[in-house]
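Colleague: Before we start, here is the structure in question, set down as structure tokens.
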Amino acid sequence: MKLQGPKTKSLFQKAKAVIPYGVNSNFRYWGEDNTLIIDRGEGTYVWDLDGNRYIDYRLAFGPIILGHAYPAVVERVQEAIQGGTLFAWTTPYEVDLCERITQMCNVEKVRLTNSGTEACMYALRIARAHTGREKFIKFEGQYHGMVDYFVYSTASSNLGDLGSKRSPINSPTTSGVPKAINQYVINLPFNDIERLEETVRAKWGDIAAIFVEPLLGNAASIMPQPGFLEIIRELCDEYGIMLVFDEVKTGFRIANGGAQEFFNVQADLVTYAKSLGNGFPIAAIAGKNEVMMTIEPGAMAHSGTYSGNVVGTAAAIATLETLEKEPVIKTINKVGTKLMTGIDEILTEAGIPHVLTGVPTMFGLILGEDQKPHDFREYFKGDGELYEAIAMELIKRGVQPDADGREPWFLCYSLSDEDVSETLNVFNDSVKAVKDTR
Ligand SMILES: Cc1ncc(COP(=O)(O)O)c(C=O)c1O
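Here the sequence shown is numbered in our numbering, starting from 143 and rising by one per residue.
Here you go:
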């Protein structure tokens, strides 16, 4: 299949001359014929350089919670930046935004950063400085950004590289990370209470933090089993370990107060990014007063030239204001439930085993398997090739989920019932087209 039209193809060649693989993030490289170049976005749609319109279910890997170029956000940014964007002093925008985050998310203190990677990097440093311990636990299939410590057993790992479930192996996702880093990272299967308890009881004296994406936002939105997050909370309390919720994907998306509100579990530290700014670069580390106050001038460093810049903070203020004033998540849940139900019906009709996971604002779809996976390993029971084949047919017809089934379908407030109907028609055609070729 070739998604690139002639204009895209031509600019892609130019891009490759100056940018490795023509992209500024490896996840955007879909090969020589299928790497798209986007001209513009509006609401729930994006248009590529050749003028093809797509109903966008990637939404930039999640940030676009309201819609592309959402007027309330764009206007607020345009107005704010007339007065300058960066001063190396605190601005009123930062105070306004951090107050909003504390109120919406039940956290006591906030520091702003620019990306999810940066937020997670600082959360780990705070946890280490607070506990005086150096190791941390994360779960297989989770992604916490590109910092060296986190790039083991992420959603990019292969099943065969993870070792036995009884004694998981840290599978490196990239070259370029010093071997010594490996000793600080403990990867465990998600939802495996026994393994977690055993590990914490044996190694707690070394463990600063348990990092968790409360639902697997990088592995088909696999949900925590009832009680799993609560048990992590209890273990952290018992052994003085910092519970870090990585809410880069779930924050301001699965509930106004994110996963802490949705699952009713409080973390010690929380990271936010994506939906916080509806597509503008802004992120945050937040948490309990006592833990966040580990940050201390001259003692525990957090800084950043662009932290709290006017562009990001103005965008985030407008985004959070919209989330508070309008039924954003309720509306997406309603429209999203229709979409999930429709997809379920089409696949049942077509005789394709499938399972839908997650929540309507970010749901996963696994084909060739009808049991909900409990962890990243079980995700591989599904038929990833069939998923990709159907996804590519969808994209060809103007509906754009990610071609990799690990990436959830993201929905925004601008998605209408009509868009869902169009999506379902295209879904039906795409399933038929793939079935005809098999
Ligand atoms: C859960 C999670 N944490 C952290 C990150 C890293 O965020 P960023 O890409 O903004 O650095 C991501 C990115 O997808 C993510 O999904």
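Ideal placement from N, C-alpha and C gives every residue a C-beta, glycine not left out.
Small disclaimer: the values here were computed from a predicted structure and weren't measured.
On the criterion of 16 or more Cβ atoms from any shown chain inside 10 Å, does V412 qualify as buried, or is it exposed?
Modeller: As a working mapping, residue 412 is identified with position 270 in the sequence shown. Its Cβ being crowded by 16 or more others within 10 Å, V412 is buried.
Colleague: I need the straight-line Cα distance from I311 to F518, nearest angstrom please.
Modeller: The residue given as residue 311 occupies position 169 in the sequence shown. The residue given as residue 518 occupies position 376 in the sequence shown. Spanning the two alpha carbons is a distance of roughly 14 angstroms.
Colleague: Going by C-alpha to C-alpha distance, which of V541, T455 and D410 sits closest to V215?
Modeller: Taking the sequence shown and counting its residues from 1, one reaches residue 215 at position 73. Between V215 and the set V541, T455 and D410, the nearest pair of CA atoms involves T455.
Colleague: Is A415 near ligand 1 - that is, is its Cβ less than 6 angstroms away from at least one heavy atom of it?
Modeller: Numbered from 1 along the sequence shown, position 273 holds the residue referred to as residue 415. A415: yes, Cβ under 6 angstroms from ligand 1.
Colleague: Need the endpoints of the alpha helix (DSSP H) that V576 sits in, please.
Modeller: The count along the sequence shown starts at 1 and reaches residue 576 at position 434. First-last of the alpha helix (DSSP H) with V576: D559 to T579.
Colleague: If you measure from each residue's Cβ to the nearest non-hydrogen atom of ligand 1, which ones come out under 6 angstroms, in chain order?
Modeller: Answer in sequence order: F203, S257, G258, T259, C262, Y285, H286, G287, E355, G359, N360, D388, V390, K391 and A415.
Colleague: So, I427 versus L418, is the Cβ gap smaller than 7 angstroms?
Modeller: For this step, residue 427 is matched to residue 285 along the sequence shown. For this step, residue 418 is matched to residue 276 along the sequence shown. Result no, Cβ atoms of I427 and L418 do not sit closer than 7 angstroms.
Colleague: Measuring alpha carbon to alpha carbon, tell me which residue in G429, D334, G173 and C554 is nearest I396.
Modeller: Along the sequence shown, read from residue 1 onward, the residue named residue 396 stands at position 254. Of G429, D334, G173 and C554, the residue nearest in Cα terms is C554.
Colleague: Ignore the nearest five residues each way along the sequence and tell me which others in G382's own chain have a CB closer than 7 angstroms to its CB.
Modeller: Against the sequence shown, residue 382 aligns to sequence position 240. Cβ neighbours of G382 beyond the five flanking positions: T273.
Colleague: Whether or not the stretch 352-369 and the stretch 383-390 are in contact is what I'm after, with contact meaning three or more pairs of Cβ atoms, one per stretch, closer than 8 angstroms; do they touch?
Modeller: Enough Cβ pairs lie closer than 8 angstroms, so yes.
Colleague: In three-state DSSP terms, what is D410?
Modeller: What you label residue 410 is simply residue 268 of the sequence shown in a count that begins at 1. Coil, per DSSP.
Colleague: Taking the beta strand (DSSP E) that Y196 belongs to, which residues open and close that run?
Modeller: One-based indexing of the sequence shown puts residue 196 at position 54. First-last of the beta strand (DSSP E) with Y196: R195 to D198.
Colleague: What three-state label does DSSP hand I179 in the structure shown?
Modeller: Stepping through the sequence shown from its first residue, residue 179 is reached at position 37. DSSP places I179 in coil when its eight states are reduced to three.
Colleague: Looking at I373 and I349, is the spacing between their C-beta atoms short of 7 angstroms?
Modeller: Numbered from its first residue, the sequence shown carries residue 349 at position 207. Numbered from its first residue, the sequence shown carries residue 373 at position 231. Contact: no.
Colleague: In chain order, what residues of the same chain lie with their CB nearer than 6 angstroms to the CB of A351, ignoring the 5 residues before and after it?
Modeller: Residue mapping note: residue 351 aligns to position 209 of the sequence shown, counting from 1. For A351, where only same-chain residues beyond five positions count, the Cβ hits under 6 angstroms are A269, F278, M384 and V386.
Colleague: Quick one, which of R182, A157, G183 and E184 has its alpha-carbon nearest E171's?
Modeller: Position 29 of the sequence shown, counted from the start, is the residue given in the question as residue 171. Note that residue 171 is Tyr in the sequence shown here, rather than Glu. Comparing Cα-Cα distances from Y171 to each of R182, A157, G183 and E184, the minimum goes to A157.
Colleague: With respect to the alpha helix (DSSP H) encompassing N329, which residues constitute its N-terminal and C-terminal limits?
Modeller: Taking the sequence shown and counting its residues from 1, the one referred to as residue 329 is at position 187. Note, N329: premise wrong, no alpha helix (DSSP H); beta strand (DSSP E) at V327 to L330.
Colleague: Between which two residues does the beta strand (DSSP E) carrying F422 extend?
Modeller: One-based indexing of the sequence shown puts residue 422 at position 280. Where F422 is concerned, there is no enclosing beta strand (DSSP E), given that its DSSP letter is neither H nor E.
Colleague: If distances are taken between C-alpha atoms only, which option among H516, G540 and R548 comes closest to L528?
Modeller: Here residue 528 refers to the residue found at position 386 of the sequence shown. Of the candidates H516, G540 and R548, the one whose C-alpha sits nearest the C-alpha of L528 is R548.
Colleague: Rounded to whole angstroms, what's the CA-CA distance from S445 to L481? Just pull it up for me.
Modeller: Translated into positions along the sequence shown, residue 445 becomes position 303. Translated into positions along the sequence shown, residue 481 becomes position 339. Roughly 43 angstroms between the two C-alpha positions.
Colleague: Buried or exposed for F229, please, with buried defined as at least 16 other CB atoms from any protein chain shown within 10 angstroms of its CB.
Modeller: As a working mapping, residue 229 is identified with position 87 in the sequence shown. By the neighbour-count rule (16 or more Cβ atoms within 10 Å), F229 is not buried but exposed.
Colleague: May I have the straight-line CA-CA distance separating P495 from D525, to the nearest angstrom?
Modeller: Locating residue 495 in the sequence shown gives position 353, where the first residue counts as 1. Locating residue 525 in the sequence shown gives position 383, where the first residue counts as 1. Taking the straight line from one Cα to the other gives about 10 angstroms.
Colleague: From the DSSP output, read off the bridge partner residues of I427.
Modeller: Numbered from its first residue, the sequence shown carries residue 427 at position 285. In the DSSP output, where bridge partners are listed per residue, I427 has R253 and T413.
Colleague: Which residues bound the alpha helix (DSSP H) around K280?
Modeller: Locating residue 280 in the sequence shown gives position 138, where the first residue counts as 1. No alpha helix (DSSP H) holds K280; the beta strand (DSSP E) holding it covers K277 to F281.
Colleague: How many angstroms separate the CA atom of E438 from the CA atom of A265?
Modeller: Here residue 438 refers to the residue found at position 296 of the sequence shown. Here residue 265 refers to the residue found at position 123 of the sequence shown. Approximately 14 angstroms, taken between the alpha carbons.
Colleague: Could you tell me whether the stretch 324-339 touches the stretch 276-293, using the rule of 3 or more Cβ pairs below 8 angstroms?
Modeller: yes
Colleague: When DSSP labels each residue in this structure, what does A362 get in the three-state scheme?
Modeller: If you number the sequence shown from 1, residue 362 lands on position 220. Here A362 sits in coil by DSSP.
Colleague: Could you pull the start and end residues of the beta strand (DSSP E) that I488 belongs to?
Modeller: Locating residue 488 in the sequence shown gives position 346, where the first residue counts as 1. No beta strand (DSSP E) contains I488, which is instead part of the alpha helix (DSSP H) from V470 to E491.
Colleague: Can you give the Cα-Cα distance for D512 and F154, rounded to whole angstroms?
Modeller: Within the sequence shown, numbered from 1, the residue matching residue 512 stands at position 370. Within the sequence shown, numbered from 1, the residue matching residue 154 stands at position 12. Between D512 and F154, the C-alpha separation is close to 39 angstroms.
Colleague: Have a look at E340, P205 and T565 and flag the residue whose alpha-carbon is nearest the alpha-carbon of L377.
Modeller: In the sequence shown, the residue the question calls residue 377 occupies position 235. Checking every option, the nearest Cα to that of L377 belongs to E340.
Colleague: Rounded to whole angstroms, what's the CA-CA distance from E403 to C247? Just pull it up for me.
Modeller: Start at 1 with the first residue of the sequence shown, and residue 403 comes out as number 261. Start at 1 with the first residue of the sequence shown, and residue 247 comes out as number 105. Straight-line Cα distance between these residues: approximately 7 angstroms.
Colleague: Give me, in chain order, the residues of the same chain whose beta-carbon lies closer than 7 angstroms to that of V249; leave out the 5 immediate sequence neighbours on both sides.
Modeller: Position 107 of the sequence shown, counted from the start, is the residue given in the question as residue 249. Residues I243, V412, A428 and G429 of the same chain have their beta carbon placed closer than 7 angstroms to that of V249, with the five preceding and five following residues left out of the count.
Colleague: Give every residue of the same chain whose Cβ lies closer than 7 angstroms to the Cβ of T227, excluding the five residues on either side of it in the sequence, and list them in chain order.
Modeller: In the sequence shown, the residue the question calls residue 227 occupies position 85. So the qualifying residues of the chain are N451, V452 and V453.
Colleague: Please classify T490 as buried or exposed, where buried requires at least 16 neighbouring CB atoms within 10 angstroms.
Modeller: Sequence index remark: in the sequence shown, residue 490 carries index 348 (1-based). Per the 10 Å Cβ criterion, exposed.
Colleague: If you run the structure through DSSP and keep just helix, strand and coil, what is I114?
Modeller: With the chain covering only 143 through 580, there is no way to say anything about residue 114.
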